[in-house]
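**Student:**
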Amino acid sequence: MSLQKIILASGNPGKLTELRAMLREKKVDLISQSDLEVGEVEETGLNFAENALIKARHACKETGLPAIADDSGIEVDALGGKPGIYSARYAGVSGATADAENNVRLLQDLKEVPEQDRTARFQCVIVYLLHERDSMPLICQGSWEGRILFTERGRNGFGYDPLFYVPTHGCTSAQLDSKVKNSLSHRGQALRKLLECWNLRP
Ligand code: IMP
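Here the sequence shown is numbered in numbering that gives the first Met the number 0, starting from 0 and rising by one per residue.
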């Protein structure tokens, strides 16, 4: 039996690694959209769900295959929930230096904020679309509570992980083993819900 081909609508290598690891046991052939030369689409949505739908629809349209897309980010309470959906380009740059520059900007913006007020959460919405005009997309979400540190710690993961302190484990998400991160994270939670819905879908 040939495996079901599904496009992973993301160009973010950190997310791709995590989603692939978590979907390894599923009987699907997960193909990164960049392997099929599908370019990125402008994320014009006003929330995580809209942006995830935009990305999944674009990948379906370009490839004619079902697609999974994730839209995620960090909400910092002391910044009124920013950077939120703008997390990837918080410092105004994209590409290889974006993660490092975003972390510098976050520390700068929070420099006057004391430890007890540095609460934050990662948010994630994952969408599964069968085809471009699928009228019943599967949409699942997850969130992960933590706190923003004053300096970076750890080398695993990507993005804001070195600044995201996980109180339940006494370390940052960049100090967690990838399996442990996936078992706790916003993305892991959203994906597990998606897999449950997937199993229920006729
Ligand atoms: P997106 O690709 O538009 O969904 O942007 C997601 C951005 O949110 C990433 O580029 C990171 O900056 C941040 N982010 C999302 N999930 C994580 C995570 O698990 N760890 C660290 N940063 C994350």
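Cβ coordinates follow ideal geometry from the N, Cα and C atoms, glycine included.
(1) Taking Cβ positions, are SER71 and CYS123 nearer each other than 8 Å?
(2) Rounded to the nearest angstrom, what separates GLY145 and GLY91 at their Cα positions?
(3) By how many angstroms is the C-alpha of TRP143 removed from the C-alpha of GLU42?
(4) What runs of the beta strand (DSSP E), each 3 residues or longer, lie entirely inside the region 85-131?
(5) Leaving aside the five residues before and after GLN188 along the sequence, list all residues of the same chain whose C-beta is less than 6 Å from its C-beta, in chain order.
(6) In angstroms with no decimal places, state the Cα-to-Cα distance between LYS26 and HIS57.
(7) What is the DSSP secondary structure of ALA58, counted as helix, strand or coil?
(8) Less than 7 Å separating the Cβ of TYR159 from some heavy atom of the ligand IMP?
(9) Do you know whose CA, among ASP116, GLU131, CYS170, ASN11, lies nearest GLU39's CA?
(10) Is ILE30 near the ligand IMP - that is, is its Cβ less than 7 Å away from at least one heavy atom of it?
(11) Taking 8 Å as the threshold (C-beta atoms), are ALA119 and VAL75 in contact?
(12) Enumerated in chain order, which unbroken segments of the alpha helix (DSSP H) with a length of 4 residues or greater are wholly contained in the region 124-191?
(13) Nearest-angstrom Cα distance between ASN198 and GLN32?
(14) Given this structure, state the Cα-to-Cα distance separating LYS180 from SER134, to the nearest angstrom.
(15) Within the same chain, show all residues whose beta-carbon is closer than 7 Å to that of GLU202, passing over the 5 residues directly before and after it, in chain order.
(16) Cβ of ARG146 within 7 Å of any heavy atom in the ligand IMP?
(17) To which residues of the same chain is HIS130 closer than 8 Å at the C-beta, ignoring the five residues directly before and after it?
(18) Measure the C-alpha to C-alpha separation of ASP237 and ARG154 and round it to an integer number of angstroms.
**Tutor:** With the structure as the only source:
(1) Contact flag set, yes.
(2) Distance between the alpha carbons of GLY145 and GLY91: 24 Å.
(3) The C-alpha of GLU42 lies about 23 Å from the C-alpha of TRP143.
(4) List check, beta strand (DSSP E) in window: 118-128.
(5) The beta carbon of GLN188 sits closer than 6 Å to those of GLY141, all from its chain and outside the five residues before and after it, given in chain order.
(6) Distance between the alpha carbons of LYS26 and HIS57: 23 Å.
(7) Looking at ALA58 - three-state DSSP - the assignment turns out to be helix.
(8) Yes; taking the cut-off as 7 Å, the Cβ of TYR159 has a heavy atom of the ligand IMP nearer than that.
(9) For the residues ASP116, GLU131, CYS170, ASN11, the minimum Cα distance to GLU39 belongs to ASN11.
(10) When distances are taken from the beta-carbon of ILE30 to the heavy atoms of the ligand IMP, even the shortest one reaches 7 Å or more.
(11) With contacts defined by Cβ atoms closer than 8 Å, VAL75 and ALA119 form a contacting pair.
(12) Within the region 124-191, the complete alpha helix (DSSP H) segments at least 4 residues long are 177-183, listed from N- to C-terminus.
(13) Cα-Cα distance, rounded: 24 Å.
(14) Using only the alpha carbons, I get a separation of about 33 Å.
(15) Since the first and last residues shown for the chain are 0 and 201, residue 202 lies out of range.
(16) False, no ligand heavy atom lies under 7 Å from that Cβ.
(17) Cβ neighbours of HIS130 within its own chain (closer than 8 Å, five residues either side excluded): CYS59, GLY63, PRO65.
(18) Nothing can be reported for residue 237, as the shown portion of the chain is limited to 0 through 201.
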